[in-house]
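Step one of this worksheet: look at the structure below.
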Amino acid sequence: MAAAAVISVVVQLLGSLPLEMIIKEVSLLNNVQTRVENSKRKLRSIKAVLQDAENRRWSTNSSQSVKLWLEMLEDDSQEILNVLDRWNTLILRSQIEKDIELLEFGKQSSKVSRFIFSSSSSCFCYFPKVEKLISHREIVRQIEEIEEKLTIAASQIGSLGLIENITRLNNTSRGRLETTSFVDEIEIHGRDMDEKALLEMLMLDFGPLEVISVVGMGGLGKTTLAQLAFNNEEVKNHFPKKIWVSVSEPFDLLNIASAIIENLLKDYDHQSPIITEEKDEEMSSSSSNVAPKFQTLQAALNWITSRLGRTRFLLVLDDVWNEEYSKWEPLEISLKKLERVGSRVLVTTRKESVARLMGTKFSQIIKLKELSQKECQLIFERHAFKDRRSEEIEELRDIGAQIVSKCKGLPLAAKTLGGLMRFKGSRQEWEDVLCSHLWELNVREVEQYLFGPLLLSYIDLSSLEKRCLLHCAIYPKDHFIDKTQLIQLWMSEGYLNSEEEGSNVFQNLSMRSFFQDFQEVEEDVFDDGNVVCKMHDILHDFIQYLTKREYEIVEAFIINLDGNQRRRLRRFELGDQRIRHLTITLESEAQFPNLKLSSDNKKFLHTFLILRQGKSSAVCVDSSVFMSLKHLRSLNLSNCGLKSLPENIGSLIHLRYLEVTNNPLVKLPDTICDLCNLQTFRLEHGCPSLLELPEGIGKLVNLRFLYLGGCSRYDFKGLPKGLSKLTSLRILDWFQNPKNSTKYLTLRELTTMANSNNLKINLMALRSHDAAAAASDEGHNKMDLTTLGSIYELVIYPNMMTDDPHDVGLFEFIKPHPKLKVLILRKCSRIQTFSPKWLKSLTLLREIEFYRCYSLETLTPAIGKLPSLETLHFWGLHIKNMGPEILGIAEEQVTPLYPRLKVLKFTSAENWLEWKTDAPCCDVTIMPCLQSLHFSYCKRLQVLPGFLHNVPLQFIYITEAEILEKHCRVRDKNEWPKISHTKNILLNDIHVQKDGYYFGD
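Residue 120 in the numbering used here is what sits at position 119 of the sequence shown, and the numbering runs on without skipping anything.
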């Protein structure tokens, strides 16, 4: 299915490689120049008929020969791609070695970026060195093979009757109908009676636990109906606890129990602050809202039942396939033991047999039917007619109705087709869609009626969008897809040249409804619109169907029953399939399966991903498995228990994407620097023992994304100076100025890199003596961070080795980046006043934290004027009486103060007695958006400020603050009125007031 995708990459690579230099070296052998030109002509001929071949592949009258021709072409193209990429890589390695030799002899080194093979490049000036790796005879043989493969493919075009230059269904400008954001979720049509019936079943306020099921084929809107009920205001008020679990396959009850536990703990989320961990960190919070990890199902179920107690709850189990009662029974028994208070379990499933197995009465099964033509047309028109003029709509409405009639009453089909027709400008284009032979799709699988309109939308995509969409088949069903990671994986396959191009593709696919369930990344540190999303299960089935020759997902999991573990999938054999992309998903505590790979598997595999689906300990993977895959471009070894990488990892010369997160790596081999094609290197999340990177990192000339967030921030020695040579680097998620400035990259060197204005950094950690050094540099009086592309988080802390008395004045030697989002002061214990002049310029600053700044008493008034500040956290204060100055409140302030502040936290202020921050002037408005107020370990605090009465608080969390707790329990006449309007007040994680209702003890 990816013939067009691979051919496009081959054409691009053939056009960009300096083949003329090859020809000069070997032109006397076997008429090489003629063969190369013949190959280019054959590629152009093949590419011209690919669209027609792809269209015919799915027609009911399609001959088997077209499908076989495409499959042969896909295999041959992959082999050609591997050969060309190997040439490219070895040439690049040769140039890097030459550059190193020039440097060693003290000569001026040419920029490696010159030799990233544009058509004008002359990289084969060092061809004799490459000849050691590729002999002239081998090059001639490979060129002959390429020509032969392409000649065979091109010779069959006529006999297959393929037509050149068949255009896609739309031939007008894609940008005619302007769009600026994702398509909204579909409006619900035709489900009013279903929703009413469901709400009536849910809202009975007495009786035992009952299971209600919504049943229907894929694409009918089962999940949508469940979401409608789940978010209904009456349901919210009726069920104090609401839990949503996406189940799918396999039905692992321990994973389901863990998801329930996580949902239950959301009500008690303390929104823990961003704190960089230290080895000597003591416990600083008693928060119990980290989901406990249970080794047995029984322990998890006991925890759930104890937490639910007498509370009425709604549990939604979405997309259940399990048809074995024994797998559901333990949870059913546990829930039915609870009080008879009218709790409900709502199940969505495609099979009525599943509903009956889970105990749903016949009268409580809601069977969704297809929508009417009118209802489908409403959904279709909402997408197809977006931003169109009224006269256009009238011209197209009749033919739109004919198209909608082919949706067979499926709302997902109507939505998908609407997304397709949104980009069709003329009536003729609409008629082309209506008359397309693809409606008679030759597919015998389930949901065949839905695959037809999906295929129409797929065929309408550009070649680039098609190959990117198909690559989403690496993800298992119901998996959250990270946009940034997905784009990096697209780039590793050579589909894209830049992140911007990838963002445009993702946007276009989203607007056509190929993705759904969008969630903003909680900390979008680089402010680039990163999101996670999912793919509808029918769309996922569709993509898997299209890519079944090339993509394989192997699931390794354990089923837990009554405490006994039954292991699944110890061994897996791919056979002779020419799989190119392999994903291993590991459920729960499953062990890594014993994979048996054939020679074809090893030859063709481009992607090898390990995805851990549950929260569990790391697994071990035999390095010989992935080291045998010599053409790998993407390798994910997360959670594999690796303490080291193989010394010969540099032999994976095609590798572009390497992820080794959550591994206890101690050291990286020097040979990793031989991966000169590497674009993305992820080390974040759990590599605390890694102290430095190899010195030769400067050889990774194509590296664009380097993630180090999991390395030990306080023991890490520094980044090699060779990093400054990486002119392609765009993301460095963490940097700390080293103590050894002669061996490791300094901040001064970082900010003066050739590409520093394009470099984005997540965390920048500075010690006070860093600023001192900057101030003493000749010709410099500021530590200027504005030359970098962006910095998300800046942490400032004193020299760890001495009690530096200069913390206060040295703040003025720092010039933070204007795009800074998070500012943390750590252990600046001597500062009493924080009032740097640059603070007011940080208009995008969202969070400030003062951590163990024990002497702090006064903040600059500018802090209350910051327009984007949402979180303010004081951790460890020695103050006894807090006045308005601690928040920078002064008489000359204008209103409002802290205009966007949402979260205010005080932690470990054990000497604190009174908080009197009443406004100096009655006209001053303070914190008009504050929603969450936290007091933790403020044991002596007894007086709160009066302005809290006017703040729209939603939550107050009081933990280990005995006097405040007492005030709340007895509703103290002085203090309680200041906070009694707050909807939810929790004392040590227990509600004393919920949704405005006071419970007391």
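The beta carbon of each residue, even a glycine, is placed where N, CA and C say it ideally should be.
> Quick one: Cα of L659 to Cα of A910, how far?
Replying inline: 44 Å
>> Cutting at 7 Å between CB atoms, please list the residues of its own chain near H384, excluding the five before and the five after it.
In response: V184, K416, G419, G420, R423
> How about the stretch 751 to 761 and the stretch 720 to 736: do they share at least three Cβ pairs that are nearer than 8 Å?
Replying inline: A contact exists between the stretch 751 to 761 and the stretch 720 to 736.
> Are R827 and Y798 closer than 8 Å when you measure CB to CB?
Replying inline: yes
> Start and end of the alpha helix (DSSP H) containing C969?
Replying inline: 963 to 971
>> How far does the alpha helix (DSSP H) with N602 in it extend, from its first residue to its last?
In response: 600 to 605
>> Among D785, P868, N664, whose alpha-carbon lies nearest the alpha-carbon of N637?
In response: N664
> Does the beta-carbon of K930 have 16 or more other beta-carbons within 10 angstroms, so that it is buried, or is it exposed?
Replying inline: Note on residue identity: the sequence assigns Cys, not Lys, to residue 930. It is exposed - the Cβ of C930 has fewer than 16 other Cβ atoms within 10 Å.
> Span of the alpha helix (DSSP H) holding Y852?
Replying inline: Y852 -> not in any alpha helix (DSSP H); beta strand (DSSP E) instead, spanning 848 to 852.
> Can you tell me whether R657 is buried or exposed, with buried defined as 16 or more other CB within 10 angstroms of its CB?
Replying inline: buried
>> Under 8 Å: do the stretch 358 to 374 and the stretch 218 to 225 share three or more Cβ pairs, one atom per stretch?
In response: yes
>> Taking the beta strand (DSSP E) that W735 belongs to, which residues open and close that run?
In response: In the DSSP assignment, W735 falls within the beta strand (DSSP E) that extends over 732 to 737.
>> Considering only their Cβ atoms, is the gap separating P331 from L358 smaller than 8 Å?
In response: no
> Can you check whether the CB of G401 is closer than 8 Å to the CB of E382?
Replying inline: yes
> CA-CA distance, L666 and T584?
Replying inline: The alpha-carbon atoms of L666 and T584 are separated by roughly 23 Å.
> Skipping 5 residues on each side, what residues in its chain have a beta carbon closer than 6 Å to that of S344?
Replying inline: L210, R313, F314
> Which residues in the same chain have their Cβ closer than 6 Å to the Cβ of G997, if we skip the five residues on either side of it in sequence?
Replying inline: K984
> Is it buried or exposed for E850, if we count other Cβ within 10 angstroms and need 16 for buried?
Replying inline: buried
> Which of helix, strand or coil does DSSP assign to P862?
Replying inline: helix
> Three-state secondary structure (DSSP) at V702?
Replying inline: coil
> Opposite W916 in the DSSP bridges: which residues?
Replying inline: Checking the DSSP bridge columns, you'll see W916 partnered with M883.
> In whole angstroms, what is the alpha-carbon distance linking K718 and I825?
Replying inline: The straight-line gap from Cα to Cα measures roughly 21 Å.
>> The beta strand (DSSP E) that contains C534, what's its start and end?
In response: 532 to 535
> Curious, which full-length beta strand (DSSP E) runs of at least 3 residues does the stretch 327 to 403 contain?
Replying inline: List check, beta strand (DSSP E) in window: 345 to 350, 366 to 368.
> Among G503, Y938, I544, which residue has its Cα nearest to the Cα of L455?
Replying inline: For L455, the closest alpha carbon among the candidates G503, Y938, I544 is that of I544.
> Should C408 go down as buried or exposed, given a rule of 16 or more other Cβ atoms within 10 Å for buried?
Replying inline: buried
> Which residues share a DSSP beta bridge with W876?
Replying inline: Y852, T908
> How big is the Cα-Cα spacing for H818 and E396?
Replying inline: 53 Å
> CB-CB under 6 Å to E553, same chain, minus the five flanking residues each way: which ones, in chain order?
Replying inline: I580, L583
>> Beta-carbon within less than 7 Å of D195's beta-carbon, same chain only, minus the 5 sequence neighbours each way: which residues are those?
In response: Cβ contact annotation for D195 (same chain, cutoff 7 Å, sequence separation greater than five): L226, I367, L369, in chain order.
>> Here's a check: name, in chain order, each residue in its chain whose Cβ is nearer than 7 Å to the Cβ of F1000, leaving out the five neighbours to either side.
In response: Excluding sequence neighbours, F1000 sits near H992, V993, Q994.
> Hey, L720 and Y745 are a contact pair by Cβ (cut 8 Å); roughly how many whole angstroms apart?
Replying inline: With 8 Å as the limit, L720 and Y745 qualify as a contact, their Cβ atoms being about 6 Å apart.
>> For V904 and H879, what's the separation of their Cα atoms in angstroms?
In response: Put simply, the backbone Cα of V904 is about 21 Å away from that of H879.
> Is the Cβ-Cβ distance between L870 and L902 less than 8 Å?
Replying inline: yes
> Run through DSSP, which three-state label would D996 get?
Replying inline: coil
>> For E685 and L709, which I take to be in contact (beta-carbon distance under 8 Å), what is that distance rounded to the nearest angstrom?
In response: The C-beta separation of E685 from L709 comes to about 7 Å, placing the pair in contact by the 8 Å criterion.
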